[in-house]
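Here is the structure we will look at.
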Amino acid sequence: MPPLYGWRGPVHNGPERAVAALNAREADLVNQINKTFAVAAPPFVTVPIKGSTAVFPVHRIYCVGRNYAAHAIEMGHDPNKEPPFFFQKNPDNLALDGNFPYPPKSSNVHHEIEMVVALSRGGKDIPADKAMECVFGYAVGIDMTRRDLQDECKKLQRPWEIGKAFEHSAPMGEIVPASQIGHPTKGAVWLKINGEFKQQGDLNQMIWKVPEMIAYLSGLFELYPGDLIMSGTPSGVGPVKRGDLIESFVEGVGTLKTKVV
Ligand code: MN
Numbered sequence: 008m009p010p011l012y013g014w015r016g017p018v019h020n021g022p023e024r025a026v027a028a029l030n031a032r033e034a035d036l037v038n039q040i041n042k043t044f045a046v047a048a049p050p051f052v053t054v055p056i057k058g059s060t061a062v063f064p065v066h067r068i069y070c071v072g073r074n075y076a077a078h079a080i081e082m083g084h085d086p087n088k089e090p091p092f093f094f095q096k097n098p099d100n101l102a103l104d105g106n107f108p109y110p111p112k113s114s115n116v117h118h119e120i121e122m123v124v125a126l127s128r129g130g131k132d133i134p135a136d137k138a139m140e141c142v143f144g145y146a147v148g149i150d151m152t153r154r155d156l157q158d159e160c161k162k163l164q165r166p167w168e169i170g171k172a173f174e175h176s177a178p179m180g181e182i183v184p185a186s187q188i189g190h191p192t193k194g195a196v197w198l199k200i201n202g203e204f205k206q207q208g209d210l211n212q213m214i215w216k217v218p219e220m221i222a223y224l225s226g227l228f229e230l231y232p233g234d235l236i237m238s239g240t241p242s243g244v245g246p247v248k249r250g251d252l253i254e255s256f257v258e259g260v261g262t263l264k265t266k267v268v
């Protein structure tokens, strides 16, 4: 019997191909499974893993706000006064095909380069000194933000969803296992648009380090294998426009190329 996660195939990895690859008996099973859902079931969201044919199934996407002092300051906040705070994107907001379709209802969409932490284990109230045991690997991601809508949410004291959790709002590259690269704690983080530097920072500038953010987050939510944490952005955030080629880099993890379409 094929594993259930393959029954419609990964959303971003060609479900048609995956389904076509199933043999007749498996296709029959797919039909039987489909009949158990009252409406079309959402496909699993999966991310490719460097050096592996296995894929990473995504449970949730958490994002850390204002985690680099210089970015907190550029957004008008005092980095010394704030405990960490979090918001979420939806797993199917991931954009894994190298394209970022410019979203509707905004004329000021900002890039935020972030290192993404992928969890292999979860739990509640995970102590910081055990937190790294939960980390599967890392990826390069962009927390795309409808800044104009987010600013309006801030002003009106409304939630940030429409600014943060929209379609394709999380371009991301393949996950690189920690077993290959270890756990990066320092190294360059930068983002270029059309070859020009826009954001430049260092992983060692994070206010809340990876184990601390896992510990803190696990006090608020029960974490699970498949969770992704976008770890915050250095300063230099700014607008993108259609036609831009964005290059995002995290030292030790890799480079992500994204076309704004
Ligand atoms: Mn961000």
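Sequential numbering from 8 applies to the sequence shown in the numbering used here. We treat Cβ as the ideally placed atom computed from N, Cα and C, and that holds for glycine. Treat the numbers as computed from the prediction; the structure is a model and nothing was measured.
Where residue i falls: helix, strand or coil (DSSP)
i, result
"residue 205", "strand"
"residue 184", "strand"
"residue 153", "strand"
"residue 103", "coil"
"residue 109", "coil"
"residue 221", "helix"
"residue 14", "Only weak support is given to the placement of residue 14: the predicted model assigns it a pLDDT of 41, under 50, and the value that follows is read from those uncertain coordinates. Coil, per DSSP."
"residue 139", "helix"
"residue 248", "coil"
"residue 260", "coil"
"residue 170", "helix"
"residue 159", "helix"
"residue 266", "strand"
"residue 144", "strand"
"residue 130", "strand"
Residue i - containing alpha helix (DSSP H), residue span
i, result
"residue 210", "Counting along the chain, residue 210 falls outside any alpha helix (DSSP H), and DSSP gives it neither H nor E."
"residue 118", "That residue, residue 118, is in no alpha helix (DSSP H); its beta strand (DSSP E) goes 116–118."
"residue 56", "Counting along the chain, residue 56 falls outside any alpha helix (DSSP H), and DSSP gives it neither H nor E."
"residue 76", "76–81"
Selection from the options that minimises the alpha carbon distance to residue i
i, options, result
"residue 238", "103, 60, 78 and 250", "78"
"residue 158", "171, 150 and 148", "171"
"residue 151", "169, 145 and 229", "169"
"residue 62", "70, 69 and 53", "53"
"residue 236", "246, 216 and 250", "216"
"residue 253", "213, 265, 141 and 64", "265"
"residue 255", "35, 202, 60 and 90", "202"
"residue 117", "261, 249 and 259", "249"
"residue 68", "191, 94, 244 and 31", "94"
"residue 1", "173, 98, 86 and 142", "One cannot answer for residue 1 here, as it falls past the ends of the chain, which runs 8 to 268."
"residue 218", "267, 125 and 109", "125"
"residue 179", "228, 230 and 105", "105"
"residue 226", "138, 261 and 51", "138"
"residue 92", "257, 228 and 234", "228"
"residue 262", "190, 35, 48 and 123", "123"
"residue 191", "127, 100 and 259", "259"
"residue 6", "36, 48, 56 and 33", "Residue 6 is absent from the model: the chain starts at 8 and stops at 268."
Residue i: first and last residue of the uninterrupted beta strand (DSSP E) it sits in
i, result
"residue 95", "93–96"
"residue 2", "Only positions 8 to 268 of the chain appear in this structure, which leaves residue 2 out of reach."
"residue 40", "Here residue 40 belongs to no beta strand (DSSP E); instead the alpha helix (DSSP H) covers 31–42."
"residue 198", "195–200"
"residue 69", "68–71"
"residue 63", "62–64"
Do three or more CB pairs link the region 198–208 to the region 27–47 at distances below 8 angstroms?
no
Closer than 5 angstroms between the C-beta and any heavy atom of the ligand MN: which residues qualify, listed along the chain?
119, 150 and 240
Is it true that the region 63–78 meets the region 207–215, where meeting means three or more beta-carbon pairs spaced less than 8 angstroms apart?
yes
Taking three-plus beta-carbon pairs below 8 angstroms as touching, is the region 135–146 in contact with the region 175–185?
Yes, the region 135–146 touches the region 175–185.
Should the region 213–227 be regarded as contacting the region 121–135, the criterion being three or more beta carbon pairs within less than 8 angstroms?
yes
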